[in-house]
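Enquirer: In the numbering used here, the protein residues as written are 16 to 339.
1) Put residue 220 into one of helix, strand or coil per three-state DSSP.
2) Can you tell me whether residue 118 is buried or exposed? The criterion is at least 16 other CB atoms within 10 Å of its CB, across all chains shown.
3) For the 8 Å Cβ check, are there 3 or more pairs between the stretch 278-286 and the stretch 308-325?
4) Taking 8 Å as the cut-off, decide whether the C-beta atoms of residue 304 and residue 331 are in contact.
5) At what residue ranges does the stretch 242-277 contain a whole run of the beta strand (DSSP E), taking only runs of 3 or more?
6) Thinking C-alpha only, which one of 97, 196, 86, 147 is nearest residue 132?
7) Would you call the stretch 135-150 and the stretch 180-195 touching, i.e. three or more CB-CB distances under 8 Å?
8) Where do the N-terminal and C-terminal ends of the alpha helix (DSSP H) with residue 301 fall, by residue?
9) Return helix, strand or coil for residue 153, following the three-state DSSP convention.
10) What are the residues that DSSP puts in a beta bridge with residue 196?
11) Since I believe residue 247 is in contact with residue 214 (beta carbons under 8 Å), could you give me their beta-carbon distance rounded to a whole number of angstroms?
12) Per DSSP, which residues does residue 38 bridge with? Please list them.
13) With a threshold of 16 other CB atoms inside 10 Å of the CB of residue 318, please say whether the residue is buried or exposed.
14) Under 8 Å, with one C-beta from each stretch per pair, do the stretch 202-216 and the stretch 48-65 reach the 3-pair mark?
15) So residue 22 packs on residue 54, CB below 8 Å; how close in whole Å?
16) Per DSSP, residue 184 is paired with what?
17) Please list the segments of the alpha helix (DSSP H) lying wholly inside the stretch 34-122, counting only runs of 4 or more residues, in order along the chain.
18) Measuring only the C-alpha atoms, how far is residue 172 from residue 161?
19) Within a Cβ cutoff of 6 Å, which residues of the same chain sit near residue 306, ignoring the five residues on either side of it in sequence?
20) Is it right to say residue 392 is buried, meaning 16 or more other beta carbons lie within 10 angstroms of its own, or is it exposed?
21) Please say whether residue 69 and residue 89 have beta carbons closer to each other than 8 Å?
22) Kindly list the residues whose CB is nearer than 8 Å to the CB of residue 341, restricted to its own chain and excluding five residues on each side of it in sequence; keep chain order.
23) Rounded to whole angstroms, what's the CA-CA distance from residue 184 to residue 158? Just pull it up for me.
24) Are the CB atoms of residue 181 and residue 125 within a distance shorter than 8 Å?
25) Whole angstroms is fine: what's the gap from residue 82's alpha carbon to residue 256's?
26) What three-state label does DSSP hand residue 289 in the structure shown?
Listed below in structure tokens is the structure:
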């Protein structure tokens with residue numbers, strides 16, 4: 016086992032992919048000479064050359080479209096979008112091309128494209144760079160949506176995504192890049208269709224993904240001091256959602272709190288809540304609770320940003336309210 020940061024784990028996965036498959040290449044804004052906005056491709060331009068590490072113009076629609084074309088042509092492109100808000104500029108390419116070509120061609124064509132992007136708030140980068148839009152993308156048939164929350168998953172889920180025949184979108188919470196953990200560099204790619212139970216419990220299910228996982232785990236420790244045994248589910252993949260793991264947990268604990276950094280209205284938390292109501296209604300001892308961001312553009316000042324986001328304390332309060 017090797018200790019590394021989340022950022023270094025992403026870099027290790029990228030390097031391994033580039034070394035093992037000559038059809039893999041990386042493209043995006045500042046991925047080459049600058050080494051990536053979050054330094055995930057630092058040194059790659061010198062190591063792999065400009066044919067495989069391609070800096071692009073500031074035009075997300077253009078380079079996502081180029082990635083789709085390269086995938087159709089037999090390559091394995093990894094496209095890096097600087098932050099999730101900029102991906103909105105490529106929605107036409109994503110929704111109308113990447114997600115649909117396999118279906119519209121009757122299965123004649125596939126698009127083995129991986130799109131990585133930083134997501135989330137908590138870094139004081141204000142309203143235009145603090146979005147959590149994973150749930151938007153999980154609405155689209157034809158793509159997979161991954162939200163690696165651990166150092167191990169940061170590497171392994173990327174390698175697994177590259178084995179997929181269809182587009183995979185990886186949302187890396189930017190708050191996690193400095194986080195340290197241990198990685199087995201010889202580990203095989205993971206099953207990206209399954210959620211993970213990060214903490215066993217019997218009194219309430221805390222269901223979350225991405226950067227909110229660590230807040231849920233912290234809340235679970237606080238609740239344990241009050242005699243409440245919380246189970247923590249890391250969804251890991253939003254589309255396709257591992258409904259079986261979620262429902263099994265809720266049927267065991269009889270209570271559910273969903274933590275989602277997106278805004279509450281129309282959130283992915285609402286979708287999970289609906290699926291729990293459809294699949295485990297008679298097992299519930301109370302309503303499904305949601306802990307989401309405040310319905311405001313994410314503020315810049317730290318005290319206001321913290322107040323707008325889910326926090327361990329707000330998760331604990333939601334559980335206390337459920338328990339009465």
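Don't be surprised by glycine CBs; every beta carbon is placed ideally from N, CA and C.
Expert: Quick look at the numbers:
1) Counted from its first residue, the chain shown places residue 220 at position 205. Secondary structure of residue 220 (DSSP, three-state): strand.
2) Counting from one through the chain shown, the residue named residue 118 turns up at place 103. It counts as exposed.
3) Because the criterion of three Cβ pairs below 8 Å is met, the stretch 278-286 and the stretch 308-325 touch.
4) Start at 1 with the first residue of the chain shown, and residue 304 comes out as number 289. Start at 1 with the first residue of the chain shown, and residue 331 comes out as number 316. No, these two residues do not count as a Cβ contact at 8 Å.
5) Counting only runs of 3 or more, we get 245-249, 252-254.
6) Start at 1 with the first residue of the chain shown, and residue 132 comes out as number 117. Nearest of 97, 196, 86, 147 to residue 132, Cα basis: 97.
7) Below 8 Å, enough C-beta pairs join the stretch 135-150 and the stretch 180-195 to call them touching: three or more.
8) As a first step, residue 301 must be located in the chain shown, where it is residue number 286. No alpha helix (DSSP H) contains residue 301, which DSSP labels as neither H nor E.
9) Position 138 of the chain shown, counted from the start, is the residue given in the question as residue 153. In this structure, residue 153 counts as helix in the three-state DSSP scheme.
10) What you label residue 196 is simply residue 181 of the chain shown in a count that begins at 1. For residue 196, the beta-bridge partners assigned by DSSP are 19.
11) In the chain shown, counting from the first residue as 1, residue 214 sits at position 199. In the chain shown, counting from the first residue as 1, residue 247 sits at position 232. Indeed, because the Cβ distance is near 4 Å, the residues count as touching under 8 Å.
12) On the chain shown, residue 38 is found 23 positions in, with the first residue counted as 1. Paired residue(s): none; residue 38 is not in a bridge.
13) On the chain shown, position 303 is the one that residue 318 refers to. Counting Cβ neighbours within 10 Å, residue 318 comes out exposed, since fewer than 16 surround it.
14) Because the criterion of three Cβ pairs below 8 Å is not met, the stretch 202-216 and the stretch 48-65 do not touch.
15) If you number the chain shown from 1, residue 22 lands on position 7. If you number the chain shown from 1, residue 54 lands on position 39. In this structure residue 22 touches residue 54 by the C-beta definition: roughly 6 Å separates them, less than 8 Å.
16) One-based indexing of the chain shown puts residue 184 at position 169. Under DSSP, residue 184 shares a beta bridge with 130, 160.
17) Fully enclosed alpha helix (DSSP H) runs of 4 or longer: 59-63, 75-87, 99-102, 116-119.
18) In the chain shown, counting from the first residue as 1, residue 172 sits at position 157. In the chain shown, counting from the first residue as 1, residue 161 sits at position 146. Annotation: residue 172 to residue 161 spans about 8 Å, alpha carbon to alpha carbon.
19) Locating residue 306 in the chain shown gives position 291, where the first residue counts as 1. Counting only residues of its own chain and dropping the five nearest sequence neighbours on each side, residue 306 has a CB closer than 6 Å to the CB of 274, 325, 329, 330, 333.
20) Limits of the chain in this structure are 16 at one end and 339 at the other, which puts residue 392 out of reach.
21) As a first step, residue 89 must be located in the chain shown, where it is residue number 74. As a first step, residue 69 must be located in the chain shown, where it is residue number 54. No; because the gap between Cβ atoms is not below 8 Å, this pair is not in contact.
22) It is not possible to answer for residue 341, since the shown part of the chain is limited to 16 through 339.
23) For the purposes of this step, residue 184 is taken as residue 169 along the chain shown, with counting starting at 1. For the purposes of this step, residue 158 is taken as residue 143 along the chain shown, with counting starting at 1. Cα to Cα, the separation comes out at about 7 Å.
24) Translated into the one-based positions of the chain shown, residue 125 becomes position 110. Translated into the one-based positions of the chain shown, residue 181 becomes position 166. It is a contact, given that the beta carbons lie within the stated cut-off.
25) Position 67 of the chain shown, counting from 1, holds the residue named residue 82. Position 241 of the chain shown, counting from 1, holds the residue named residue 256. Spanning the two alpha carbons is a distance of roughly 26 Å.
26) Position 274 of the chain shown, counted from the start, is the residue given in the question as residue 289. Correct three-state label for residue 289: helix.
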